[in-house]
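S.K.:
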């Protein structure tokens, strides 16, 4: 006797489609909204694997990305960040709510100062057409 496998094939396809939709919408929903300050806009996050994956995927779409971690690679949050332009004027000041910050700002040369638990570190960066990433280890 022959039994059709169409119902089980249909159910399997339906489950796969639902899983793909849920996974895609979860990743998109995890990037925090951009906030603005002057000519600069930023979003910080990356706590939790879904949000971290979404933030890292979005890095290529922003001129500057900042990563904050301990020497052993453990992520850091609650980092004070100050960006100054080449003339020393404040370009952006924020408190990172997660280990990844995506920053949109005009092309130019900047100094980025990050402070965690009383320790400050500085790096300089030139923003142009290629996305840049600065890694701060505390």
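In this note's numbering, the protein residues as written are 60 to 197.
C-beta: ideal position from N, C-alpha, C; glycine also.
Being a predicted model, the structure only gives us computed values, none of them experimental.
(1) Closer than 8 Å is the cut-off here; do at least three beta carbon pairs connect the stretch 135-144 with the stretch 110-120?
(2) Shortest alpha-carbon distance to residue 90 belongs to which of 120, 139 and 178?
(3) Taking buried to mean at least 16 other C-beta atoms within 10 Å of its own C-beta, is residue 150 buried or exposed?
(4) Whose CA, out of 100, 173 and 190, lies closest to the CA of residue 137?
(5) Less than 8 Å between the beta carbons of residue 105 and residue 178, yes or no?
(6) Looking at residue 191: is its Cβ nearer than 8 Å to the Cβ of residue 123?
(7) Is residue 116 helix, strand or coil by DSSP?
(8) Can you pull the DSSP bridge partners for residue 164?
(9) If you reduce the DSSP assignment to three classes, tell me which class residue 176 lands in.
(10) For residue 126, report the span of its beta strand (DSSP E) as first-last.
(11) Using the beta-carbon count (16 or more within 10 Å), is residue 114 buried or exposed?
M.R.: To lay it out plainly:
(1) no
(2) Within the chain shown, numbered from 1, the residue matching residue 90 stands at position 31. Answer by Cα proximity: 120.
(3) One-based indexing of the chain shown puts residue 150 at position 91. Under this definition residue 150 is a buried residue.
(4) Stepping through the chain shown from its first residue, residue 137 is reached at position 78. Answer by Cα proximity: 173.
(5) Looking up residue 105 in the chain shown gives position 46. Looking up residue 178 in the chain shown gives position 119. No, the pair does not count as a contact, with Cβ atoms beyond the cut-off.
(6) On the chain shown, position 132 is the one that residue 191 refers to. On the chain shown, position 64 is the one that residue 123 refers to. Yes, they are a contact pair.
(7) As a working mapping, residue 116 is identified with position 57 in the chain shown. Of the three classes helix, strand and coil, the one that applies to residue 116 here is helix, per DSSP.
(8) As a first step, residue 164 must be located in the chain shown, where it is residue number 105. In the DSSP output, where bridge partners are listed per residue, residue 164 has none listed.
(9) Residue numbering aside, residue 176 sits at position 117 when the chain shown is read from its first letter. In this structure, residue 176 counts as coil in the three-state DSSP scheme.
(10) Counted from its first residue, the chain shown places residue 126 at position 67. Unbroken beta strand (DSSP E) run through residue 126: 123-128.
(11) If you number the chain shown from 1, residue 114 lands on position 55. It is buried - the Cβ of residue 114 has at least 16 other Cβ atoms within 10 Å.
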